[in-house]
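Notes to accompany the following structure.
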DNA sequence: ACCCTCCCGGAAAGCGGTTTCCAAGTCTGC
DNA sequence: GCAGACTTGGAAACCGCTTTCCGGGAGGGT
């Protein structure tokens with residue numbers, strides 16, 4: 001590999017001068033030398049060794065993002081938003097996927113800490129297990145003690161800057177909207193009980209129904225993915241006229257289940273989701289859902305993480321109910 | 001930040017010993033010292049500085065993946081496959097997104113080179129511009145000269161290990177299958193002419209029709225995304241009974257266009273795509289397409305890149321025609 | 001003309017690890 | 001009981017770059 005020393009030698013200058021020319025410095029270098037160095041670097045095909053730079057500078061230009069599953073469009077959108085924001089700051093992005101294993105999440109924070117990344121972004125729901133959350137908090141705290149910065153998209157459980165989707169309120173608004181259409185008997189495909197995002201959405205929905213004086217919904221737990229929605233849909237009681245799946249991907253699974261059983265949506269049963277995943281906007285029937293500005297949230301989380309010292313910030317992001325054809329008005 | 005020296009001091013041992021205990025070495029360290037070092041590291045919350053390790057070892061444990069767009073499920077699947085494979089090898093992943101800008105792609109190779117990543121994976125179609133391809137090749141060659149490894153998913157145009165989806169053959173098989181159902185008048189929503197993947201799929205389709213003695217299809221160029229499919233669908237001639245969109249996402253756009261216009265699929269017109277994107281499997285009507293094992297391809301590309309020296313490998317990956325309800329049999 | 005800045009080039013000290021090379025034990029086998 | 005082979009701990013060189021500190025020369029004010 002070509003080193004800076006090779007370049008300096010070839011250009012007949014010192015290491016210091018070569019460094020100043022090639023890797024941005026506040027100091028000026030005379031035009032003649034500057035040209036010689038640049039030419040030498042070009043001829044030799046010099047590429048700075050960033051590991052060495054990081055070590056010498058004591059700061060890297062990499063950030064880390066930890067997501068559960070990149071093939072889940074929810075996380076893809078979040079990550080994409082953060083990556084665009086990172087790109088505008090000239091930062092590189094390291095991505096880790098946990099596949100919903102909290103231990104993996106902790107391990108990634110540790111690894112990213114070891115990498116001395118500038119910031120760590122944690123995307124995705126926390127789990128309700130205080131032991132796990134506690135260990136993650138510790139790991140993050142250690143990282144931050146060493147000057148690392150961190151932010152999270154999801155629940156404010158980690159003591160770091162947080163972009164928090166208003167899951168409860170979004171679900172509540174959705175419930176009110178659906179009730180406004182005349183529905184009274186609901187089911188919630190609620191996902192795993194320990195997943196805070198799922199639990200919050202479910203709770204917000206239930207509370208709103210309660211406030212409206214409507215009967216409590218049938219709550220069906222299961223996996224937080226397409227197949228979870230599919231399976232859960234098959235357990236929905238006959239009296240239910242409207243099903244709320246706590247995310248869009250589950251809602252699509254539920255729609256598939258109904259389609260296979262010959263149950264018409266929305267004629268026989270209405271279905272709503274949450275997130276407004278872009279890739280699913282062309283689904284038929286079009287999904288009623290709560291829109292979350294995922295890309296912005298990812299970008300915002302990065303901004304928060306990078307912003308200089310100030311008290312820990314928690315930003316609520318409101319969702320917007322989007323009524324589409326998967327839901328019908330009861331006469 | 002806690003350094004190895006701090007740990008060594010606290011444990012009362014030398015730097016060398018501390019290093020050997022904490023960061024895997026071939027050499028043994030006595031149980032007593034080992035315990036002391038481990039305890040000290042734990043108490044202090046030591047995290048090795050990977051930049052320093054990379055520098056000292058001359059090898060990093062990071063790989064780079066360059067994709068066009070993470071929110072495109074095609075790339076998400078590819079990246080996910082590669083990331084899983086990387087995780088089993090204990091490698092970290094750096095992801096760059098180019099948003100289909102070839103300059104960005106080159107820039108990323110340069111940056112990843114500077115990072116001295118172990119391997120670079122380039123995912124996604126090449127463009128037919130020899131100048132751009134040439135510069136990318138050069139950049140890759142430089143990287144490889146320095147001991148870097150590279151592989152690509154797409155066309156064998158870069159002189160590196162390649163996992164090449166059999167776009168021509170897949171499209172040809174699809175054409176034959178569709179012709180077998182009695183279709184004779186086709187349109188191809190062909191994407192951008194300079195995009196090799198799109199061009200290959202289009203060409204394979206046309207050639208197969210030609211061999212069957214069928215009339216040449218109407219070819220409509222446009223963007224390679226959902227909106228491109230939507231727009232192109234509106235230009236399809238009235239005589240056409242079957243539309244081939246060169247990827248699934250475009251096909252979904254086309255379906256949306258037809259739906260809006262009240263054209264029934266498959267009754268009035270049949271539509272087929274390419275890729276068999278998982279997220280779209282629940283689309284209605286279910287999309288006839290050519291299945292590509294995207295995750296495997298991503299994983300395989302990483303394997304190829306990591307494998308020790310041997311001649312450059314090019315592996316064809318066959319697609320499998322999947323007939324679903326978006327296509328009807330002509331009577 | 002002289003003194004004081006200011007500017008620019010180079011030498012060298014780190015940054016935080018790894019690893020080679022020594023030296024001092026500790027085991028063996030006879 | 002002792003030479004020789006192993007094992008284990010430490011000192012120090014080194015990885016490639018940044019940056020401080022110095023010194024010499026040019027420019028400017030009086």
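Residue numbers (our numbering), protein chains in the order written: chain D, 1 to 331; chain G, 1 to 331.
The beta-carbon is built from N, C-alpha and C at its ideal position, and this holds for glycine as well.
Bear in mind that the values here come from a model prediction, so they are computed numbers and not experimental data.
### Query
Between G:146, G:298, G:19 and G:307, which lies nearest to residue 163 of chain G when the distance is taken from Cα to Cα?
As a working mapping, residue 163 of chain G is identified with position 163 in the second chain. That would be G:298, whose Cα lies nearest to the Cα of residue 163 of chain G.
### Task
Quick one: residues in its chain with C-beta nearer than 7 Å to the C-beta of residue 324 of chain D, no 5 flanking neighbours on either side, listed in chain order?
By one-based count along the first chain, residue 324 of chain D stands at place 324. If we look at residue 324 of chain D and ignore the five residues flanking it on each side, its Cβ neighbours are 286, 287 and 288.
### Message
Given this structure, state the Cα-to-Cα distance separating residue 203 of chain D from residue 330 of chain G, to the nearest angstrom.
### Response
Counting from one through the first chain, the residue named residue 203 of chain D turns up at place 203. Counting from one through the second chain, the residue named residue 330 of chain G turns up at place 330. Their backbone Cα atoms lie some 51 Å apart in a straight line.
### Message
Between which residues of its own chain and residue 328 of chain G is the CB-CB distance below 8 Å, once the five residues before and five after are set aside?
### Response
Mapped onto the second chain, residue 328 of chain G falls at position 328. Closer than 8 Å at Cβ, skipping near neighbours: 181, 266, 267 and 270.
#### Entry: Separation of residue 245 of chain G from residue 195 of chain G, as counted between CA atoms
If you number the second chain from 1, residue 195 of chain G lands on position 195. If you number the second chain from 1, residue 245 of chain G lands on position 245. Cα-Cα distance, rounded: 14 Å.
#### Entry: Proximal residues of chain D, C-beta to C-beta of residue 255 of chain G below 9 Å
The residue given as residue 255 of chain G occupies position 255 in the second chain. The answer, in chain order, is 282 and 284.
### Message
Distance check for residue 6 of chain D and residue 68 of chain G, CA to CA, integer angstroms please.
### Response
What you label residue 68 of chain G is simply residue 68 of the second chain in a count that begins at 1. What you label residue 6 of chain D is simply residue 6 of the first chain in a count that begins at 1. For residue 68 of chain G and residue 6 of chain D, the distance between alpha carbons rounds to 35 Å.
#### Entry: Partners in chain G for residue 146 of chain D, counting only beta-carbon separations shorter than 9 Å
Within the first chain, numbered from 1, the residue matching residue 146 of chain D stands at position 146. Near residue 146 of chain D (Cβ distances below 9 Å), the residues of chain G are 1, 2, 45 and 47.
### Task
Count the other C-beta atoms from every protein chain shown that fall within 10 angstroms of the C-beta of residue 150 of chain G, then say buried if there are 16 or more, exposed otherwise.
What you label residue 150 of chain G is simply residue 150 of the second chain in a count that begins at 1. It counts as buried.
### Message
Considering only heavy atoms of the ligand FMN, does any lie closer than 8 Å to the CB of residue 69 of chain G?
### Response
The model depicted lacks the ligand FMN and carries no ligand whatsoever.
### Task
With 9 Å as the limit, tell me which residues of the stretch 268 to 282 of chain D have their beta carbon closer than that to any beta carbon of chain G; keep them in chain order.
277, 278, 279, 280, 281 and 282
### Message
Report the CB separation of residue 42 of chain G from residue 249 of chain G in whole angstroms; it is logged as a contact under 8 Å.
### Response
Residue 42 of chain G sits at position 42 when you count from the first residue of the second chain. Residue 249 of chain G sits at position 249 when you count from the first residue of the second chain. The pair is not a contact, with the Cβ atoms about 49 Å apart (cut-off 8 Å).
#### Entry: Which of helix, strand or coil DSSP assigns to residue 326 of chain G
Sequence index remark: in the second chain, residue 326 of chain G carries index 326 (1-based). Coil.
### Task
Would you kindly work out how many angstroms separate the C-alpha atoms of residue 189 of chain G and residue 243 of chain G, rounded to a whole number?
On the second chain, position 189 is the one that residue 189 of chain G refers to. On the second chain, position 243 is the one that residue 243 of chain G refers to. So the two alpha carbons sit approximately 7 Å from each other.
#### Entry: Proximal chain G residues relative to residue 110 of chain D, where beta-carbon distance stays under 7 Å
As a working note, residue 110 of chain D is residue 110 in the first chain. 47, listed in chain order.
### Any C-beta of chain D under 9 Å from that of residue 334 of chain G
Residue coverage of chain G in this structure runs from 1 to 331, which leaves residue 334 of chain G outside it and unanswerable.
### Task
Consult DSSP for residue 320 of chain G and reduce its assignment to one of helix, strand or coil.
In the second chain, the residue the question calls residue 320 of chain G occupies position 320. It is a strand residue.
### Message
On the DSSP letters alone, give me the boundaries of the beta strand (DSSP E) that residue 186 of chain G sits inside.
### Response
Start at 1 with the first residue of the second chain, and residue 186 of chain G comes out as number 186. Its beta strand (DSSP E) spans residues 186 to 191.
### Query
Are at least three pairs of beta-carbons, each pair with one atom in the stretch 118 to 131 of chain G and one in the stretch 73 to 87 of chain G, less than 8 Å apart?
yes
### Message
So, for residue 141 of chain D: in the same chain, excluding its five sequence neighbours on each side, which residues have a beta-carbon less than 8 Å away from its beta-carbon?
### Response
Walking along the first chain from the start, residue 141 of chain D turns up at place 141. Only 159 meet the Cβ criterion.
#### Entry: chain D contact for residue 300 of chain G (CB, 9 Å cutoff)
The count along the second chain starts at 1 and reaches residue 300 of chain G at position 300. So no, residue 300 of chain G is outside the interface.
### Task
Could I get the ranges of all uninterrupted alpha helix (DSSP H) runs contained in the stretch 267 to 314 of chain D, with 4 residues as the minimum, in chain order?
294 to 306
### Task
Would you be able to state if there are at least three C-beta pairs under 8 Å between the stretch 301 to 308 of chain D and the stretch 109 to 120 of chain D?
yes
### Task
Quick one: which unbroken beta strand (DSSP E) runs of 3-plus residues sit fully inside the stretch 65 to 131 of chain D? Chain order, please.
92 to 97 and 119 to 123
### Message
Would residue 55 of chain D pass as an interface residue toward chain G - the criterion being a Cβ-Cβ separation below 9 Å?
### Response
By 1-based counting over the first chain, the position of residue 55 of chain D is 55. Residue 55 of chain D counts as touching chain G.
### Query
Taking only beta-carbon atoms, is residue 220 of chain D less than 9 Å away from chain G?
Start at 1 with the first residue of the first chain, and residue 220 of chain D comes out as number 220. Judged by the 9 Å Cβ criterion, residue 220 of chain D is not in contact with chain G.
### Task
Count the other C-beta atoms from every protein chain shown that fall within 10 angstroms of the C-beta of residue 215 of chain D, then say buried if there are 16 or more, exposed otherwise.
Taking the first residue of the first chain as 1, we reach residue 215 of chain D at position 215. Result: exposed.
### Query
Counting only beta-carbon atoms, is residue 73 of chain D nearer than 9 Å to chain G?
On the first chain, residue 73 of chain D is found 73 positions in, with the first residue counted as 1. Output row for residue 73 of chain D: interface = yes.
### Task
Taking residue 252 of chain D as the query, report the chain G residues whose CB atoms sit under 8 Å from its CB, ordered along the chain.
Counted from its first residue, the first chain places residue 252 of chain D at position 252. In chain order: 282.
### Message
At the level of alpha carbons, what is the spacing between residue 98 of chain G and residue 79 of chain D?
### Response
Counting from one through the second chain, the residue named residue 98 of chain G turns up at place 98. Counting from one through the first chain, the residue named residue 79 of chain D turns up at place 79. Whole-angstrom Cα-Cα distance: 14 Å.
### Query
Would you report the Cα separation of residue 34 of chain G and residue 95 of chain G, rounded to the nearest angstrom?
As a first step, residue 34 of chain G must be located in the second chain, where it is residue number 34. As a first step, residue 95 of chain G must be located in the second chain, where it is residue number 95. Rounded to the nearest angstrom, the two C-alpha atoms are 37 Å apart.
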